[in-house]
Each structure stands twice: as C-alpha cells, then as structure tokens.
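Basically the numbering used here = 1-based index in the sequence shown + 9. Every residue gets a Cβ at the ideal spot worked out from N, C-alpha and C, and that includes glycine.
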Amino acid sequence: MHDLFKQHLLSWQERGLLRQRKIISTPQSPHLVADGTALLSFASNDYLGLASEPEVIKAMQDALAQYGAGSGSSAMVSGHNTLIHELELSFAQYHNLPKALHFSTGYMANLGVLKALALEDTAFFSDALNHASLIDGLRLSKGSTLHIYPHLDVDNLEQALKSSRQSNKWIVTDGVFSMDGDIAPLDQLLNLAERYDAFIYVDDAHGFGVLGTSGRGILEHFSLNSPRLLYMATLGKAMGVFGALVAGDEVLIDWIMQQSRTYIFTTGTPATLAAGALKALSILEKDSSYNYQLKKLIAYLSSQLAHFTQYTNVSHSAIHPLIMGESHVVMRVMEKLLGEGIWVPAIRPPTVPPGSARLRISLCANHKLSDIDRLVDVLTKVL
Ligand SMILES: *Cc1c(COP(=O)(O)O)cnc(C)c1O
Numbered sequence: 010m011h012d013l014f015k016q017h018l019l020s021w022q023e024r025g026l027l028r029q030r031k032i033i034s035t036p037q038s039p040h041l042v043a044d045g046t047a048l049l050s051f052a053s054n055d056y057l058g059l060a061s062e063p064e065v066i067k068a069m070q071d072a073l074a075q076y077g078a079g080s081g082s083s084a085m086v087s088g089h090n091t092l093i094h095e096l097e098l099s100f101a102q103y104h105n106l107p108k109a110l111h112f113s114t115g116y117m118a119n120l121g122v123l124k125a126l127a128l129e130d131t132a133f134f135s136d137a138l139n140h141a142s143l144i145d146g147l148r149l150s151k152g153s154t155l156h157i158y159p160h161l162d163v164d165n166l167e168q169a170l171k172s173s174r175q176s177n178k179w180i181v182t183d184g185v186f187s188m189d190g191d192i193a194p195l196d197q198l199l200n201l202a203e204r205y206d207a208f209i210y211v212d213d214a215h216g217f218g219v220l221g222t223s224g225r226g227i228l229e230h231f232s233l234n235s236p237r238l239l240y241m242a243t244l245g246k247a248m249g250v251f252g253a254l255v256a257g258d259e260v261l262i263d264w265i266m267q268q269s270r271t272y273i274f275t276t277g278t279p280a281t282l283a284a285g286a287l288k289a290l291s292i293l294e295k296d297s298s299y300n301y302q303l304k305k306l307i308a309y310l311s312s313q314l315a316h317f318t319q320y321t322n323v324s325h326s327a328i329h330p331l332i333m334g335e336s337h338v339v340m341r342v343m344e345k346l347l348g349e350g351i352w353v354p355a356i357r358p359p360t361v362p363p364g365s366a367r368l369r370i371s372l373c374a375n376h377k378l379s380d381i382d383r384l385v386d387v388l389t390k391v392l
C-alpha cells in the first residue's frame, strides 16, 4: 500500500531532506537532554530563557488551578477568557497600539489576518524570504494581486507600488527573517507606504523580546508608530510560551476578528497559556536584564563568528546562520557537532532556497560566554 508515498519518502531521503525529531526529556534550555544525551543546544527560539522561568511556570500552574484545562469552544461560542482579554489589552498597551487580538499560533494569525485583509481591489507586496506562514496566508488570499519583491529590495518594491492600481495595498514582511537573522528596513518600508498610500503587515516573531533598547521589537528598534502598521508577534519564541497577537488600528482589528476563519473556527486558547504569556510580558517590561544579557551574547557571538567565511552577514538578532550550500554538507557538519555534544540545527530546502542549506545558531539569554567559546572551538575544528 501507498507505494507512491514510499517512493516520495525515499527520494526525499536520498536528497538529504528527511527530517528527524529528537526526543526532549527536559525543559527547553541551553543545556538539555535530547534522545537521552546531554547536549549544549543552540536550537531554540526561546531567546530570553522564559520557557523555563520559574515565575512563568508558577503563573501557569496557578491559572490551571483557577480556570481548568480547556476553553470549551471557540471564543465566539463559549466565551473569551478574562486572562486572554487582559493579555490583548496589555500587549496593545505595551506596544502603544490601539487594539490587539489573540490567536492560537503565529501560523494561524498569518493565515487569518492576510485573508481578512484581502478585500476586493487588494494588492500584496511580499518579501521573497518571508516565513512560510505568510506565504500560505497570501496563497489563501485569492483574488488579490501579489508582487514578490527580492529580499530587502526597496527599489523593486517602490517600482511595484508605483505601478499598482489597487486601492488596498499591503506590504508584508518578516521583522527579523527567521532563517537569516537580518532585519527588514521597516523605516524605509513605512516611508514608501506613506508615499504610495499603502499599509504594512509586519511579522515580528523573532524581533519581539529581542530588538529595540528595551526588547519591545522592531517598532522600537526603528522608533516607529503609525496607523499604517499592523503588528504581529508570537508568544512561543522570546516569550517562552505559546500563541500570538496582532495589534494595530481598532477598525482593522475589529474586522480581522469578524473575518479570520483561523480565529473563529478553532477552540479558544486555554487560559493557562495566557497566564504564562502575561507573566513573560510583565518580566520583559520590568526587568531589562534578560534582554541585556541576550544582546551581550549576540555581540559576542557575531564577533567570534566573523572569521568564518560561512558567516556571510553580521547578525544583530538572536539568529546567526552559517551558510554551507548543499544539504548533505550541512547534515555532515551537524552530525560532527552532535558528536561533540553540541546541537545546532541544519536548515535545508524547502525551508531555505536550494543551495543555501545552513546551520542556524540561535541564542538564549541563559547561554554563558563559555558556551559560545565551546561552540566556536568545535566549529573551528569541524569546518
Ligand atoms: C515561528 C514563526 C511563525 C509561526 O508562529 P507559531 O506561533 O510558531 O505558529 C510565524 N512567523 C514567523 C516569522 C515565525 O518565525
């Protein structure tokens, strides 16, 4: 049975594209146990170490006792939990944006939002390296026109905006690009949006908690606030928990809530997750030491990687890729690192363009400078 699928699996394997999951039996942390082996990990997007933060865990335990396990149904049907409501209000206030809406995940937020934005007479302008969930959201938004501009190519984008005849124009971009770690030129994009009467949907999954003087994210990094910006951040990365929020103009948020099928036709998020995210947000707001520590590690790692030819761009985010080319090459390097007790994930097509397979090093505020030294020593030996 299913010979066809078996053949496809085999061909996937022969091309070095087969994914394997490690079994994790500890919390996410730089030092964890994977497949029964203690490893130094650079694999997580838990950038501030909040996934294992005792205060966050305690808040979740308390909420579990108070609100129980599940939410019963869609928030539209069985109601909207008070903690999720509070999280929406706190998130909007934290970013100085008018209103926010909570989604189960960033993936679902992107699908739901982009589909809701696609009224008649809509054009989307999307960076070529945007995250898969944005790409899928745009695929759902049939009937609108789509221009994909080369990665970060503001001139190309400007030409496309100039020649667009649609009245509802949206520039769609990652804030920090998830496999490259580089930052969208949001100040320039906003400038174009103002000149050509367009709007911006920015997915700050990897910027929230990382960029900006206090870690608020890409808006703080560029000191921007505008009714033309619709901002999305996820709660499963730097916030250490799970979920996502979209924030911006009140009319837009109201429309998105009415129209997003990924908001309406899914069971509401358990209150426990909102309790964890609220605690993480309050830590980020009150205590700059997590973000400060992360920034120190980012600067140190990028200086230490500078002499590797595979480190093609100095990154100012928590994501630092070493570009290797072919999938089997990066797999071999990953295996050698694992042999030394270090886990850096190999990222291969179709997640990244063919020929650009890479190691993706990501940092956590709980890493020590000596962890980075150990990584760099082993990389020097292996590369
Ligand atoms: C991780 C990620 C998402 C998806 O968020 P989840 O909450 O994990 O579903 C969306 N966009 C970007 C850029 C991401 O890196």
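Check your understanding: Under 7 Å from any heavy atom of ligand 1, does the C-beta of Y116 make it?
Key -> Your numbering for residue 116 matches position 107 in the sequence shown. Yes; taking the cut-off as 7 Å, the Cβ of Y116 has a heavy atom of ligand 1 nearer than that.
Check your understanding: Is the beta carbon of H156 within less than 7 Å of some heavy atom of ligand 1?
Key -> Counting from 1 along the sequence shown, the entry for residue 156 is found at position 147. Not under cutoff, so the answer is no.
Practice item. Keeping to the same chain, check which residues put their C-beta closer than 8 Å to that of I93; ignore five residues upstream and five downstream. Key: As a working note, residue 93 is residue 84 in the sequence shown. So the qualifying residues of the chain are A84, H111, G277, T278, A280, A283.
Check your understanding: Taking the C-alpha atoms as reference points, what is the distance between Y56 and G190?
Key -> Sequence index remark: in the sequence shown, residue 56 carries index 47 (1-based). Sequence index remark: in the sequence shown, residue 190 carries index 181 (1-based). Going by the C-alpha atoms only, they are around 13 Å apart.
Exercise for review: Go through the stretch 217–260 residue by residue and report every complete run of the beta strand (DSSP E) that reaches 3 residues or more, in order.
Suggested key: Taken in chain order, the whole beta strand (DSSP E) runs of length 3 or more contained in the stretch 217–260 are 238–243, 253–257.
**Study point:** A374 CB to nearest heavy atom of ligand 1 below 7 Å
**Key:** Counting from 1 along the sequence shown, the entry for residue 374 is found at position 365. A374: no, Cβ never under 7 Å from ligand 1.
Practice item. Please state whether DSSP places T281 in a helix, a strand or coil. Key: Translated into positions along the sequence shown, residue 281 becomes position 272. Correct three-state label for T281: helix.
Review point. Mind checking G45: buried by the 16 CB within 10 Å criterion, or exposed?
Key: Counting from 1 along the sequence shown, the entry for residue 45 is found at position 36. G45 should be labelled exposed.
**Study point:** Buried versus exposed, by CB contacts within 10 Å (16 or more), V86
**Key:** One-based indexing of the sequence shown puts residue 86 at position 77. By the 10 Å Cβ count, V86 comes out exposed.
Check your understanding: Is the stretch 96–115 in contact with the stretch 124–131, if contact means three or more CB pairs nearer than 8 Å?
Key -> No, the stretch 96–115 does not touch the stretch 124–131.
Review point. Does ligand 1 have a heavy atom nearer than 7 Å to the CB of S187?
Key: As a working note, residue 187 is residue 178 in the sequence shown. Yes, since a heavy atom of ligand 1 falls inside the 7 Å radius drawn around the Cβ of S187.
**Study point:** Residue environment, N300, which counts as buried when at least 16 other CB atoms sit within 10 Å
**Key:** By 1-based counting over the sequence shown, the position of residue 300 is 291. With at least 16 other beta carbons inside 10 angstroms of its own, N300 counts as buried.
Check your understanding: Is the stretch 175–195 close to the stretch 226–241, with three or more CB pairs under 8 Å?
Key -> Flag = yes, the stretch 175–195 and the stretch 226–241 touch.
Check your understanding: Going by beta carbon distance, what residues of the same chain come within less than 8 Å of L287, once the five residues before and after it are set aside?
Key -> Stepping through the sequence shown from its first residue, residue 287 is reached at position 278. Setting aside the 5 residues that flank it on each side, L287 is surrounded in the same chain by A68, L92, E95, L96, S99, each with a C-beta closer than 8 Å to its C-beta; the list follows chain order.
Point to revise | Within 8 Å, strictly: CB atoms of F134 and L166 | key: The sequence position of residue 134 within the sequence shown is 125, counting from 1. The sequence position of residue 166 within the sequence shown is 157, counting from 1. Less than 8 Å divides the Cβ of F134 from the Cβ of L166.
Review point. Within the present structure, is the beta-carbon of N165 separated from the nearest heavy atom of ligand 1 by less than 7 Å?
Key: Within the sequence shown, numbered from 1, the residue matching residue 165 stands at position 156. No, the beta carbon of N165 sits no closer than 7 Å to any heavy atom of ligand 1.
Review point. Can Y76 and N90 be called in contact, C-beta distance under 8 Å?
Key: Taking the first residue of the sequence shown as 1, we reach residue 76 at position 67. Taking the first residue of the sequence shown as 1, we reach residue 90 at position 81. Their beta carbons are under 8 Å apart, which means Y76 touches N90 by this criterion.
**Study point:** Span separating the alpha-carbon of L147 from that of S223
**Key:** Numbered from its first residue, the sequence shown carries residue 147 at position 138. Numbered from its first residue, the sequence shown carries residue 223 at position 214. Those two C-alpha atoms are separated by around 32 Å.
Point to revise | 6 Å CB neighbourhood of M343 in its chain, flanking five on each side removed | key: The residue given as residue 343 occupies position 334 in the sequence shown. So the list reads A355, once near-sequence residues are dropped.
**Study point:** Distance between A132 and T182 (C-alpha atoms, nearest Å)
**Key:** Walking along the sequence shown from the start, residue 182 turns up at place 173. Walking along the sequence shown from the start, residue 132 turns up at place 123. Cα to Cα, T182 sits roughly 14 Å from A132.
Practice item. Report the rounded CA-to-CA distance for T35 versus Q29, giving the unit in angstroms. Key: To locate residue 35, count along the sequence shown from 1; it is residue 26. To locate residue 29, count along the sequence shown from 1; it is residue 20. Taking the straight line joining both Cα atoms gives about 18 Å.
Check your understanding: Do L290 and M241 have their C-beta atoms closer together than 8 Å?
Key -> The count along the sequence shown starts at 1 and reaches residue 290 at position 281. The count along the sequence shown starts at 1 and reaches residue 241 at position 232. It is not a contact, given that the beta carbons lie outside the stated cut-off.
Review point. Apart from the five residues just before and just after S311, which ones in its own chain have a Cβ nearer than 7 Å to its Cβ?
Key: Against the sequence shown, residue 311 aligns to sequence position 302. Residues of the same chain with a CB within less than 7 Å of the CB of S311, apart from the 5 flanking positions on each side, are V323, S324, H329 in chain order.
Review point. When you compare each of R24, S269, V211, V353 to A43 by their alpha carbons, which one comes out closest?
Key: Indexing the sequence shown from 1 puts residue 43 at position 34. Considering only alpha carbons, the answer is V353.
Exercise for review: Just grab the DSSP bridge partners of F208 for me.
Suggested key: Position 199 of the sequence shown holds residue 208. When beta bridges are read from the DSSP output, F208 appears opposite W179.
Check your understanding: Hey, quick one: how far does the alpha helix (DSSP H) through F100 stretch, first residue to last?
Key -> Within the sequence shown, numbered from 1, the residue matching residue 100 stands at position 91. It spans 91–103 - the alpha helix (DSSP H) in which F100 sits, taken as one unbroken run.
Review point. Apart from the five residues on each side of it in sequence, which residues of its chain come closer than 8 Å, Cβ to Cβ, to K246?
Key: Numbered from its first residue, the sequence shown carries residue 246 at position 237. Within the same chain, K246 has close Cβ partners N54, D55, Y56, A214, H215, F217, G218.
Point to revise | Beta-carbon proximity list for L18, same chain, < 8 Å, skipping 5 on both sides | key: Counting from 1 along the sequence shown, the entry for residue 18 is found at position 9. Taken in chain order, the residues that qualify are L27.
Point to revise | Check: G245 C-beta below 7 Å from any heavy atom of ligand 1 | key: Translated into positions along the sequence shown, residue 245 becomes position 236. For ligand 1, at least one heavy atom lies less than 7 Å from the Cβ of G245.
**Study point:** D145 CB to nearest heavy atom of ligand 1 below 7 Å
**Key:** In the sequence shown, counting from the first residue as 1, residue 145 sits at position 136. Shortest gap from the CB of D145 to any heavy atom of ligand 1: 7 Å or more.
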